[in-house]
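Notes follow the structure.
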Amino acid sequence: MNKYVERLYNGVVKENPTLILMLGMCPTLAVSTRAMNGIGMGLSTMAVLILSNLVISLLRKVIPDEVRLPAYIVVVASLVTVTELLIEAYLPSLYEALGIYIPLIVVNCIILGRAEAYANKHTPLLSVMDGIGMGIGFTLALTLAGLIRELLGNGTAFGAQVLPSGIDPIGIFVQPPGAFLVLALIIAVMNAIGIKSRQRDLVDVGCDGVCARCTAECKKSGEVNAK
Amino acid sequence: MKSLILIIITGALINNVVLNQFLGICSFLGVSKQMKASASLGGAVIFVITIASAVASLLYDYVLAPLGMDFMKTIVFILVIAALVQIVEMFLKKTSPGVYKALGIYLPLITTNCAVLGVALTNVQDGYNFIESVFSGFGTAVGFTLAIVLLASIRTRIREEDIPAPLRGAPIVLISAALMSIAFMGFSGLSF
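Next comes the structure, spelled out in structure tokens:
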């Protein structure tokens, strides 16, 4: 497989940031009340991720190793501020729906994680492809979670009524507990498929919450040095 | 005074930062494997969020707002939090090695804990003044600690149980969190 296409496959399937690496959980759980919100959040994060991967990859020989994390944070925070202002200006309804979670893209583990694990070691073009792959993977996972929650909790899909009016939607699915429940079920289904085909290990939760170091490699080794 | 107590209770229970706002999920799921680590992280989070809320509130009221640089708040807050965590770490290392030993390795994790930035931003959004911001930060952090310690104790019990294979690992932890979240929804009936 072409190495650029391989990056896309890696981001969407093999190392899906949400469903396999369990990164970026906060926005996944918080905004997945509607499928449209999931798409909006996914695309905003993807835009920031692609640009931050590009900038960090271009600067990878310039940024001194000791201060790289603060430098990444400045890059990401600037990009997020630009994105936030653009969304506020052009998509006010999305801005209302996502609220505080737009500025919080800064601390999304996926972005710092990819900067640290990929973009600072690879060429700009590969890093951009990595950003696109991870972004699509994140968007798909968010949209899937949003769709399930919207369907069960509100009886609609992308705003259109789907369940017949005789069936009452289960309100808990659009409430906070529903977020945990739906994500648990999605991962359980993936685990069940994985067990059947014996392709990979069960999905486990984060590497002690060290976002910047949480990559597939640290998952495989099973532990990470906190310091 | 009554309103300040209300802010703490709202932050800790009614609007629980993890179970209701979904902030700090990474460390909530990642560190809750062990009880001791969870309690230490909780302590560090209370410490950092309270100080960060105070500093962010002062910066916003006296620097950003008068200069009309409201749009810079995300960048400024995240840098202040990163610097603050470093300073707190150095300060603790010098002054109280005991506390440092208990909390030290968790401090760097807190920079990317979205709860810290989240609280600072929500305080500004809600128009809290300095005192209210500090209380809201403290209440939120107590809520985080409560949630992570509770989850850690549940996970200690789960470890001994025979769980269906597909639910092992992440799903059972998320289901536990879902049940906790349902329990915490009960607090939304509290009214003053």
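Chains as they are written, first to last, in the numbering used here: chain A, 1 to 227; chain B, 228 to 419. We put the beta carbon where it would ideally sit given N, CA and C, even for glycine. Model, not experiment: these values are computed from the prediction.
Run through the DSSP bridge pairs and tell me what Thr156/A is partnered with. Reading the first sequence from its first residue, position 156 is the one you call residue 156/A. DSSP, once it has assigned bridges, lists Gln161/A as partnering Thr156/A.
Chain D contact residues for Thr81/A, given Cβ-Cβ distances below 8 Å: The question asks about chain D, but that chain is absent: this structure's protein chains are A and B.
Cβ atoms of Leu240/B and Phe362/B: under 8 Å apart, would you say? The sequence position of residue 362/B within the second sequence is 135, counting from 1. The sequence position of residue 240/B within the second sequence is 13, counting from 1. No, the Cβ-Cβ distance between Phe362/B and Leu240/B is not below 8 Å.
Residue-chain proximity (Asn247/B, chain A), Cβ-Cβ < 8 Å: Here residue 247/B refers to the residue found at position 20 when the second sequence is read from its first residue. Against chain A, the CB of Asn247/B has a partner CB under 8 Å away; the residue lies at that interface.
Put Tyr118/A into one of helix, strand or coil per three-state DSSP. The residue labelled residue 118/A in the question sits at position 118 within the first sequence. DSSP places Tyr118/A in the helix class (H, G or I) of the three-state scheme.
Status (buried if at least 16 other CB within 10 Å, exposed otherwise) for Gln248/B: Indexing the second sequence from 1 puts residue 248/B at position 21. It counts as buried.
If contacts are defined as beta-carbon pairs under 8 Å, then Phe357/B and Val244/B qualify, I think. What distance do you get, rounded to the angstrom? Counted from its first residue, the second sequence places residue 357/B at position 130. Counted from its first residue, the second sequence places residue 244/B at position 17. 20 Å between Cβ atoms; not a contact.
Can you tell me where the alpha helix (DSSP H) holding Tyr9/A begins and where it ends? Along the first sequence, read from residue 1 onward, the residue named residue 9/A stands at position 9. Residue range Lys3 to Tyr9 is occupied by the alpha helix (DSSP H) that includes Tyr9/A.
Contacts of Leu104/A in chain B (Cβ-Cβ under 7 Å): By 1-based counting over the first sequence, the position of residue 104/A is 104. Under a criterion of Cβ atoms nearer than 7 Å, the residues of chain B adjacent to Leu104/A are, in order, Cys341, Leu344 and Gly345.
What does Ile305/B reach in chain A if we use C-beta pairs closer than 8 Å? Translated into positions along the second sequence, residue 305/B becomes position 78. Per Cβ cutoff of 8 Å: Ile73, Ala77, Val106 and Val107.
DSSP on Pro17/A, reduced to helix/strand/coil? Counting from one through the first sequence, the residue named residue 17/A turns up at place 17. Coil.
Put Gly364/B into one of helix, strand or coil per three-state DSSP. Looking up residue 364/B in the second sequence gives position 137. Three-state result, Gly364/B: helix.
Ser408/B touches chain A at which residues, Cβ-Cβ below 7 Å? The residue you call residue 408/B lines up with position 181 of the second sequence. Going along chain A in sequence order, the residues near Ser408/B (Cβ under 7 Å) are Pro176, Pro177 and Phe180.
Going by alpha carbons, who is nearest to Met262/B out of Ile234/B, Pro393/B and Leu377/B? Along the second sequence, read from residue 1 onward, the residue named residue 262/B stands at position 35. Of Ile234/B, Pro393/B and Leu377/B, the smallest CA-CA separation from Met262/B is found for Leu377/B.
Start and end residues, alpha helix (DSSP H) containing Gly40/A: In the first sequence, the residue the question calls residue 40/A occupies position 40. That run of the alpha helix (DSSP H) goes Ala35 to Leu58.
Given that a residue counts as buried once 16 or more other Cβ atoms are within 10 Å of its Cβ, and exposed if not, what is Ser32/A? For the purposes of this step, residue 32/A is identified with residue 32 of the first sequence, where counting begins at 1. Classification of Ser32/A: buried, given that the 10 Å Cβ count is 16 or more.
Scan the segment 13 to 25 of chain A for residues whose Cβ lies nearer than 8 Å to a Cβ of chain B and list them as they occur along the chain. Within the segment 13 to 25 of chain A, the residues whose Cβ lies closer than 8 Å to some Cβ of chain B are Met22, Leu23 and Met25, listed in chain order.
What would DSSP say about Asp168/A, mapped onto helix, strand or coil? Within the first sequence, numbered from 1, the residue matching residue 168/A stands at position 168. If DSSP states are grouped into helix, strand and coil, Asp168/A belongs with coil.
Note down, in chain order, each residue of its chain lying with its Cβ closer than 7 Å to the Cβ of Leu286/B, except the 5 sequence neighbours on either side. Stepping through the second sequence from its first residue, residue 286/B is reached at position 59. By the criterion of a C-beta distance shorter than 7 Å, Leu286/B is surrounded in its chain by Val303 and Val307, once the five residues flanking it on both sides are discounted.
Using the Cα positions of Gly295/B and Val82/A, report the straight-line distance between them to the nearest angstrom. As a first step, residue 295/B must be located in the second sequence, where it is residue number 68. As a first step, residue 82/A must be located in the first sequence, where it is residue number 82. One C-alpha to the other measures close to 17 Å.
Residue-level contact to chain A via CB, Leu373/B, 8 Å cutoff: Within the second sequence, numbered from 1, the residue matching residue 373/B stands at position 146. Interface annotation, Leu373/B: not in contact with chain A, CB-CB separation never under 8 Å.
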